[in-house]
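Below you'll find the structure, written out as structure tokens, and then a few comments.
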Amino acid sequence: MARILITSAIPYINGIKHLGNLVGSQLPADLYARYARARGHEVMFLCATDEHGTPAELAAAKTGKPVEVYCAEMHQVQADLARGFRLSFDHFGRSSSPQNHRLTQYFAGRLAENGYIQEVTEKQVYSRADNRFLPDRYIEGTCPNCGYDKARGDQCENCTKQLDPTDLINPRSAISGSTDLEVRETKHLYLRQSLMRDELEAWIDSKTDWPVLTTSIAKKWLNDGDGLQDRGITRDLHWGIPVKKGDQDWPGMEGKVFYVWFDAPIEYIAAAAEWAEANGKSEADWRRWWRTDEGAADVRYVQFMGKDNVPFHTLSFPATIMGSRDPWKLVDYIKSFNYLNYDGGQFSTSQGRGVFMDQALAILPADYWRWWLLSHAPESSDSEFTWENFQQAVNKDLADVLGNFVSRVTKFCRSKFGEEVPAGGAWGEREQAVIEELGTRLTAYQAHMEAIEIRKAATELRAIWVAGNEYLQAAAPWAVYKDDPAAAAAIVRFALNLVPFYATLSAPFIPDASATMLEAMKMANADWPTDVTAALERLASGHAFAVPENLFRKISDEERAQWQADFAGQR
RNA sequence: GGGCCUGUAGCUCAAUGGUUAGAGCAGAGCGCUCAUAACGCUUUGGUUGGGGGUUCGAGUCCCUCCGGGCCUACCA
9 MARILITSAI PYINGIKHLG NLVGSQLPAD LYARYARARG HEVMFLCATD EHGTPAELAA
69 AKTGKPVEVY CAEMHQVQAD LARGFRLSFD HFGRSSSPQN HRLTQYFAGR LAENGYIQEV
129 TEKQVYSRAD NRFLPDRYIE GTCPNCGYDK ARGDQCENCT KQLDPTDLIN PRSAISGSTD
189 LEVRETKHLY LRQSLMRDEL EAWIDSKTDW PVLTTSIAKK WLNDGDGLQD RGITRDLHWG
249 IPVKKGDQDW PGMEGKVFYV WFDAPIEYIA AAAEWAEANG KSEADWRRWW RTDEGAADVR
309 YVQFMGKDNV PFHTLSFPAT IMGSRDPWKL VDYIKSFNYL NYDGGQFSTS QGRGVFMDQA
369 LAILPADYWR WWLLSHAPES SDSEFTWENF QQAVNKDLAD VLGNFVSRVT KFCRSKFGEE
429 VPAGGAWGER EQAVIEELGT RLTAYQAHME AIEIRKAATE LRAIWVAGNE YLQAAAPWAV
489 YKDDPAAAAA IVRFALNLVP FYATLSAPFI PDASATMLEA MKMANADWPT DVTAALERLA
549 SGHAFAVPEN LFRKISDEER AQWQADFAGQ R
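Here it is in structure tokens:
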């Protein structure tokens, strides 16, 4: 039994996430967490909402609510949706929590003590009308290169030229449109990552088992241009964690807050502290997950995220931890994902394009989405959601292969032997062959799950379901029954035992259907099978069961067409 | 511009440099009748994006061209 710490990239607060966000971090993290628990490991699975930054302030302003209120409400919305998708977080925290305030300020203090913080005075664009400094991309104007009139201060979307806000002709605030802008001096803290470049590179180099996607992005940042650059970790904003050096004020930094990308990863740690408080645990209870000197030396820490998050998790956050010179737990494995596209284009939060978490659950139960998304996870390249593919895959895999198997075996038993596991007959060579096949496939399935090869694991699981149909077809108990009811009983007993077996193996992917299967078979729980023969003898003769409702209904062509139309436009 | 990823059957994807490039879905044929018109068996389908090279041997390595995508440090 191992101890596994799992974190999912924390979703930003400014709205409901789409299926691309879900499959890029939270869902695969949940799959792994559920599997690890099922195998008897001690798991701490953490996630949170990422609440600070300019977009949160603007989103709140749009609703007319104070940003604290807006974030609290949106956190609740996201928490409810997470529950709806059966994401089994041990704790779903908030980056605005008091715990994160303390830890973020603590880390900043430690970094300063160790010489990794530099104060830099720089010039930034200030909007008098908006009463705030503007991030580069919140300044719009005419591109000096191509004349496009909606170029942003960081880059022109039309000609892709990279810009400085001061390059723009007729600059204006993207928030209010105001042209009442001025350049002001302001002081910020920089994390001196460059001093830790070699240390970081050696650490990355030691991670030979990481996905190429993860290491190649890290390498690029380490070696690009002049190498790893220092990074500003403070902002002139109202909403955020006030800049402090531990619990001391930071002279000259009054009224400033830490940059979200500084405090967001620290929330991974703070979420454990929140977990402890919420569950009546002690400081030591959460620190044994995070401090290698306080019990975390044997912890394996796995992170899940989309590829856009990789630089922060491979470089900035490790630099924060290393630079503290405290024995905090560094990540052991990073599983990163490409993007899920929607019907020929990208999912887009700002444009409302695609299917969002609340809409998905309004249409179909979580298992449908979980199965499709996980079995099509964008592991090696971007993948694409289309309604045709979704309908086809869900109907075939869930309704026809798995659902119908459970249906045919339970109903056949009921009609011939009643709703209890029938006695009589014995298993023969055919059953032995199936047991051997299942043993081989179970081993492969476990290997894929442990390696977090999600699509391969899904393929193997599906093959395990198919084996049940193949067996029934070959054994044909409906034909055998006419001449030899006892032999038919043995076949049915074997097939019935596949149901809880499937329920256990499938639970990480489709937890609700798995629970339904176990309930129907009147199994309070089903341990992970270590021996297939033993696992298929758990339902003994005379064990009562109930024929369940169909596990999955099929998606009709009409529904598919309707949804296609419903989601074609903007949200 | 630079860097990285990617291109394999109609679709979604597999294949430590090593037999005849494999699965699922879709298509075709056959079988079964327990089951949600479900299931099973068989089967059609490939110049592995194009071209060149290295090698006894290339989907895999190198060069080049073409297409798709991502990142490029102040969105998060």
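Just so you know, this note's numbering puts 521 at position 513 of the first sequence, and the rest follows in order with no gaps.
Built from N, CA and C at the ideal position, the CB exists for glycine as well.
From a predicted model like this one, the values you see are computed outputs, not experimental measurements.
In the three-state scheme derived from DSSP, where H, G and I count as helix and E and B as strand, K227 is classed as helix. If you draw a straight line from the Cα of A56 to the Cα of P519, it comes to about 22 Å.
One alpha carbon belongs to G411, the other to Q84, and they sit about 34 Å apart. With a 10 Å radius around the Cβ and a threshold of 16 neighbouring Cβ atoms, M82 comes out buried.
Residue pairing by DSSP puts E148 in a beta bridge opposite R160, R180. Secondary structure of R561 (DSSP, three-state): coil.
Linking H384 to R463 through their CA atoms gives a straight-line distance of about 6 Å. Closest option to E262, judged by alpha-carbon separation, among D271, F270, L245, E445: L245. Ranked by Cα distance from K343, the options G436, T222, Q572 are led by T222. Beta-bridge partners assigned by DSSP to S344: M313. Judged by DSSP secondary structure, G117 falls within the alpha helix (DSSP H) whose first and last residues are 106 to 121. Using a Cβ distance threshold of 9 Å, L203 and Y124 count as a contacting pair.
For Y198, the uninterrupted beta strand (DSSP E) segment begins and ends at 189 to 199. Comparing alpha-carbon positions, the option among L544, H551, E461 lying closest to A503 turns out to be L544. Counting along the chain, the unbroken beta strand (DSSP E) around S16 starts and ends at 11 to 16. Separation of F312 and L13 (C-alpha to C-alpha, rounded to the nearest whole angstrom) is 11 Å. Selection K215, V220, T512, D565 evaluated against E396 yields D565 as nearest (Cα-Cα). Looking at the DSSP output, H26 bridges to F364. For the set G426, A511, I21, the Cα lying nearest the Cα of A552 is the one of G426.
Contact between S186 and R192 is absent: CB atoms are separated by about 15 Å, not below the 8 Å threshold. DSSP places M261 in the coil class of the three-state scheme, outside both helix and strand.
DSSP lists no bridge partner for C421. Pairwise C-beta distances place the stretch 108 to 122 in contact with the stretch 257 to 271, as three or more of them are shorter than 8 Å.
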